[in-house]
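Undergrad:
2 protein chains.
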Amino acid sequence: MAQDSSSRTRIEPLTPCIECEIREHALFRPVEQTLLDWKQRYRQGQYSIPPKTQIYTEGQVLDEAYTLFRGWVALTKTLPTGKRQVLRIALPGDFLGYQPNQLERPSTHSAVALTECVVCLFPRSSVETMVFEQPDLAKRLIEIYQGYMAYCQEHITSIGQRSAKQRIAELFLDLLYRLRRRAQVQGNRMPLYLTQEDIGDAVGITSVHVSRVMRQLREAGLIRYKGHSLALLDEAELARVAGVNPERMAGARPD
Amino acid sequence: MAQDSSSRTRIEPLTPCIECEIREHALFRPVEQTLLDWKQRYRQGQYSIPPKTQIYTEGQVLDEAYTLFRGWVALTKTLPTGKRQVLRIALPGDFLGYQPNQLERPSTHSAVALTECVVCLFPRSSVETMVFEQPDLAKRLIEIYQGYMAYCQEHITSIGQRSAKQRIAELFLDLLYRLRRRAQVQGNRMPLYLTQEDIGDAVGITSVHVSRVMRQLREAGLIRYKGHSLALLDEAELARVAGVNPERMAGARPD
DNA sequence: CGGGTATTTGACGACTGTCAACGCCAGTGG
DNA sequence: CCACTGGCGTTGACAGTCGTCAAATACCCG
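Protein chains in written order, with our numbering: chain Z, 1 to 255; chain W, 256 to 510.
Here is the structure:
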């Protein structure tokens with residue numbers, strides 16, 4: 001199976017670059033420095049995950065949670081018919097996989113690595129301990145969920161009310177803003193580790209239609225793409241096409 | 256404005272029926288009896304809200320949170336174009352409107368009463384106090400958000416991957432299961448306080464098409480409806496049409 | 001260089017949106 | 001009591017978006 005431990009490699013020790021990202025990561029970002037040592041106690045280690053492997057799978061009972069340090073991860077749900085929905089593209093700093101211990105509930109979705117990834121693993125029980133002992137962390141976790149939920153709500157609204165072209169434009173802008181915070185945008189070029197099938201699964205259209213819409217955007221001079229690089233040539237116009245307010249949108253990303 | 260205080264009426268004292276519902280409501284349900292007195296201290300009162308009034312509005316900075324005691328509420332988001340997405344139908348027991356105090360963030364959505372409603376109001380600051388002082392409550396709040404988020408993810412998947420007919424069938428089953436827990440289903444009949452426009456806004460299709468699909472379902476002998484009453488005549492077949500597993504779905508409702 | 005994967009394109013059709021008209025019903029005011 | 005009105009649901013005709021199927025091309029990795 002893809003998600004067994006053989007598909008991931010433990011990394012020791014922390015490289016400086018990764019250590020630096022820790023301070024940025026979602027759960028601990030706003031918490032005081034004193035907590036850092038404390039949470040280090042509970043950290044179980046970092047793992048490297050090859051592209052296309054499942055980190056965890058829908059239906060699986062998880063007793064771990066993860067912070068994504070490096071790479072892109074797609075959170076997905078699959079229907080009995082085989083259709084797949086991409087719920088969210090997780091980027092470095094995102095918190096993955098935590099579910100409170102309500103009766104050993106299985107995970108509601110899968111996480112699959114889109115690139116080589118590095119994750120930091122926490123046993124779920126220690127997350128619970130931390131939440132119990134540290135009201136700051138509890139509050140922060142509530143904020144994280146609140147943020148993700150607002151993001152889900154945007155996603156629902158987008159899929160429910162916008163056209164294919166609008167949804168794709170919005171997805172690109174969303175990634176642009178989130179990557180900017182991670183200093184991964186150079187000028188108007190950003191990395192894009194998604195296939196057109198991934199894009200389609202994220203916004204609820206087929207990959208064939210994604211190709212058609214992306215051609216329209218290209219021919220309108222709004223985007224340019226090649227390999228894993230995407231250039232947004234006219235951000236303002238793209239936002240207008242998508243029907244979103246760029247300032248508001250940039251401020252409302254969950255991370 | 257619809258959301259000003261003139262549109263709601265304070266209710267005193269608690270009627271026994273409402274008092275009984277308190278023990279069921281989302282935030283406090285699993286918390287020990289000793290907490291009940293304590294949280295009563297923070298409760299600010301109950302209000303009656305006429306149908307079609309906004310309880311709170313997207314963009315508004317909220318300093319209150321609500322528990323819905325009676326009635327139906329639609330949580331909605333409106334696009335600049337005027338298109339509206341119904342994010343969730345809140346039923347009695349649901350917890351509404353709480354957002355952690357991240358820099359006075361405005362609400363991401365609106366809440367509108369679909370029927371006459373009774374809500375219990377909490378000042379937001381007291382929710383935060385409670386979360387800080389009671390780890391059990393913090394954990395419960397995290398669970399609530401987790402549950403809502405899993406629900407949002409189902410919603411995204413449904414809108415993104417299913418046909419109009421499947422989405423409508425799924426919506427009806429969702430309401431059926433949630434109303435069953437509230438003992439509001441008699442045989443196969445349940446109340447339905449949604450217009451076809453509401454239904455369409457919830458599943459991302461137009462009200463005209465809702466009408467067409469509901470006719471198909473009616474002519475297939477799956478549903479019957481009149482006024483605010485809906486009968487699901489063949490639950491199993493409806494689940495098959497929707498492409499969902501009824502047992503799993505019934506168990507996964509957020510409330 | 002070769003084989004598999006991803007993208008592109010065309011043709012066609014189904015599903016869904018739009019526009020418009022009509023009927024039904026409840027509430028309102030005369 | 002009855003006509004009036006507005007909201008909601010229904011239906012038909014038509015158009016456009018998007019899905020499906022199929023084939024060709026481009027691309028990447030070994």
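Beta carbons are placed, not taken as given, at the ideal position from N, Cα and C, and that holds for glycine. The structure displayed is predicted, hence computed values, not measured ones.
#1: Could you check what DSSP says for proline 501 of chain W in three-state terms: helix, strand or coil?
#2: Considering only residues of the same chain and omitting the five flanking positions on each side of proline 501 of chain W, which have a CB-CB separation below 8 Å?
#3: Tell me which residues of the stretch 127-143 of chain Z have at least one Cβ-Cβ distance to chain W shorter than 7 Å, keeping chain order.
#4: Within the continuous alpha helix (DSSP H) that includes valine 185 of chain Z, where are the two ends?
#5: Could you work out which residues of chain W lie near isoleucine 257 of chain Z, taking near to mean beta carbons separated by less than 8 Å?
#6: Is isoleucine 423 of chain W helix, strand or coil when you go by DSSP?
#7: With distances taken between CB atoms, is the gap from serine 381 of chain W to threonine 331 of chain W smaller than 7 Å?
#8: To the nearest angstrom, how far is it from the Cα of leucine 449 of chain W to the Cα of proline 50 of chain Z?
#9: I'd like to check one pair, valine 86 of chain Z with alanine 202 of chain Z: are the Cβ atoms closer than 7 Å?
#10: Helix, strand or coil, according to DSSP, for serine 211 of chain Z in the structure here?
#11: So what does lysine 226 of chain Z bridge to, in DSSP terms?
#12: Over the uninterrupted beta strand (DSSP E) stretch that includes serine 110 of chain Z, give me the two end residues.
#13: Starting from the N-terminal side, write out each stretch of the beta strand (DSSP E) that is 3 residues or longer and does not extend beyond the stretch 88-160 of chain Z.
#14: Closest by CA to valine 241 of chain Z, which one among Z:Gln46, Z:Tyr225, Z:Met214, Z:Gly59?
#15: For glycine 520 of chain W, count the other beta carbons within 10 Å of its own beta carbon; 16 or more makes it buried, fewer makes it exposed. Which is it?
#16: Leaving out five residues on either side along the sequence, give the residues of the same chain with a beta carbon under 7 Å from the beta carbon of glutamate 319 of chain W.
#17: Which residues in chain Z sit within 7 Å of cysteine 407 of chain W, going by Cβ to Cβ distance?
#18: For tyrosine 177 of chain Z, name the three-state secondary structure that DSSP assigns.
#19: Check this for me: beta carbons of serine 210 of chain Z and isoleucine 199 of chain Z, under 7 Å apart or not?
#20: What residues are listed by DSSP as bridge partners for valine 86 of chain Z?
#21: Whole angstroms are fine: how far does the CA of tyrosine 225 of chain Z sit from the CA of aspartate 510 of chain W?
#22: The beta strand (DSSP E) that contains alanine 320 of chain W, what's its start and end?
#23: Opposite glutamine 216 of chain Z in the DSSP bridges: which residues?
#24: Could you compute how far the alpha carbon of arginine 444 of chain W sits from the alpha carbon of alanine 486 of chain W?
#25: So, helix, strand or coil for isoleucine 55 of chain Z, using DSSP?
#26: Does the beta-carbon of threonine 108 of chain Z have 16 or more other beta-carbons within 10 angstroms, so that it is buried, or is it exposed?
#27: Output the distance between the C-alpha atoms of leucine 472 of chain W and threonine 206 of chain Z, rounded to the nearest integer angstrom.
#28: Is it true that the stretch 160-177 of chain Z meets the stretch 379-398 of chain W, where meeting means three or more beta-carbon pairs spaced less than 8 Å apart?
#29: Does the beta-carbon distance from alanine 74 of chain Z to leucine 114 of chain Z come in below 7 Å?
#30: From which residue to which residue does the alpha helix (DSSP H) around valine 61 of chain Z run?
#31: Need the endpoints of the alpha helix (DSSP H) that isoleucine 454 of chain W sits in, please.
#32: For the stretch 321-339 of chain W, which residues have a CB atom closer than 7 Å to at least one CB atom of chain Z, in sequence order?
#33: Using only the alpha-carbon positions, how far apart do glycine 402 of chain W and arginine 212 of chain Z sit?
#34: Compute the Euclidean distance between the alpha carbons of leucine 179 of chain Z and alanine 90 of chain Z, then round it to the nearest angstrom.
#35: Quick one: what's got a C-beta closer than 7 Å to arginine 360 of chain W's C-beta in the same chain, skipping five residues either side?
TA: Let me spell this out:
#1: helix
#2: Leu428, Glu490, Ala491, Ala494
#3: Val131, Phe132, Pro135, Ala138, Lys139, Leu141, Ile142, Glu143
#4: Unbroken run through valine 185 of chain Z: none, as it is neither H nor E.
#5: The question about residue 257 of chain Z has no answer here: the residues shown for chain Z are numbered 1 through 255.
#6: helix
#7: no
#8: 48 Å
#9: yes
#10: helix
#11: Z:Ser229
#12: 110-113
#13: 110-113, 117-123
#14: Z:Met214
#15: Summary: the structure shown does not reach residue 520 of chain W, with chain W confined to residues 256 through 510, and so no result is reported for it.
#16: Gly352, Leu376, Phe377, Pro378, Arg379
#17: Met149, Cys152, Gln153, Ile156
#18: helix
#19: What sits at residue 210 of chain Z in the sequence shown is valine, not serine. In contact: valine 210 of chain Z and isoleucine 199 of chain Z (Cβ atoms closer than 7 Å).
#20: Z:Thr76
#21: 45 Å
#22: 319-325
#23: None, per the DSSP bridge assignment.
#24: 4 Å
#25: strand
#26: buried
#27: 27 Å
#28: no
#29: yes
#30: Looking at the DSSP string, valine 61 of chain Z is not in any alpha helix (DSSP H), and its letter there is neither H nor E.
#31: 451-458
#32: Lys332, Leu334, Pro335, Thr336, Lys338
#33: 37 Å
#34: 11 Å
#35: Gln354
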